[in-house]
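Enquirer:
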Amino acid sequence: MFSNRLFNYLVAAILDTILTLFWLVSFAVLAAQTAVLWAHGTDYCENNKCPDNLKNVTSFYGYVFATCIGLGGLAFLFSCICLIFHGLVSCRQHRYNQIGTNNVSEPIFVGDRHPQGSTEYRPLA
């Protein structure tokens, strides 16, 4: 009950927005590095004498970076979906709970914790 007061929806939305922006920045940086690798990665080996291992490594890293970009784009899409979902849930939570208003609550009926019945063991009852 006390932890509900500590959770601030506005702070959570701000942190979720910052997370989405970090995803966007990391996706852009990785895309820029991959573009350079794809554009100039094999040019150096074509103009100069490179061992075959280096040619294989540059093409392998190109494929790895391209895969990472694809997964990063998918993660960015999911992050945007989570941000939209979080915004909708926060708005509905705020509307339904009417945060900031003083509502009079009705008493809650709680049954007996220890009923006063018989405590004998009846296996076939």
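314 is the number of the first residue of the sequence shown in this note's numbering; add one for each residue after it. We treat Cβ as the ideally placed atom computed from N, Cα and C, and that holds for glycine.
(1) Give me the residue from TRP351, LEU396, CYS393 with the minimum Cα distance to VAL263.
(2) Can you tell me whether GLY430 is buried or exposed? The criterion is at least 16 other CB atoms within 10 Å of its CB, across all chains shown.
(3) What does the alpha-carbon distance come out to for the pair ALA326 and GLY400?
(4) Helix, strand or coil for GLN429? Go by DSSP, reduced to three states.
(5) What does the alpha-carbon distance come out to for the pair GLY386 and PHE340?
(6) With a threshold of 16 other CB atoms inside 10 Å of the CB of THR380, please say whether the residue is buried or exposed.
(7) Going by other Cβ atoms of all chains shown within 10 Å of its Cβ, with 16 needed for buried, is ARG435 buried or exposed?
(8) Measuring only the C-alpha atoms, how far is ALA344 from SER392?
(9) Taking 6 Å as the limit between beta carbons, can you name the residues of its chain near ILE382, skipping five residues before and five after?
Expert: Here's the rundown:
(1) Summary: the structure shown does not reach residue 263, with the chain confined to residues 314 through 438, and so no result is reported for it.
(2) Counted from its first residue, the sequence shown places residue 430 at position 117. GLY430 is exposed by the Cβ-count criterion.
(3) What you label residue 326 is simply residue 13 of the sequence shown in a count that begins at 1. What you label residue 400 is simply residue 87 of the sequence shown in a count that begins at 1. Rounded to the nearest angstrom, the two C-alpha atoms are 7 Å apart.
(4) In the sequence shown, the residue the question calls residue 429 occupies position 116. Here GLN429 sits in coil by DSSP.
(5) One-based indexing of the sequence shown puts residue 386 at position 73. One-based indexing of the sequence shown puts residue 340 at position 27. Inter-residue distance for GLY386 and PHE340 is about 7 Å (C-alpha atoms, whole angstroms).
(6) As a first step, residue 380 must be located in the sequence shown, where it is residue number 67. If you draw a 10 Å sphere on the C-beta of THR380, you find fewer than 16 other C-beta atoms in it, and that means exposed.
(7) Numbered from its first residue, the sequence shown carries residue 435 at position 122. Classification of ARG435: exposed, given that the 10 Å Cβ count is below 16.
(8) As a position in the sequence shown, residue 344 is number 31, starting the count at 1. As a position in the sequence shown, residue 392 is number 79, starting the count at 1. Straight-line Cα distance between these residues: approximately 18 Å.
(9) To locate residue 382, count along the sequence shown from 1; it is residue 69. Closer than 6 Å at Cβ, skipping near neighbours: LEU343, ALA344, THR347.
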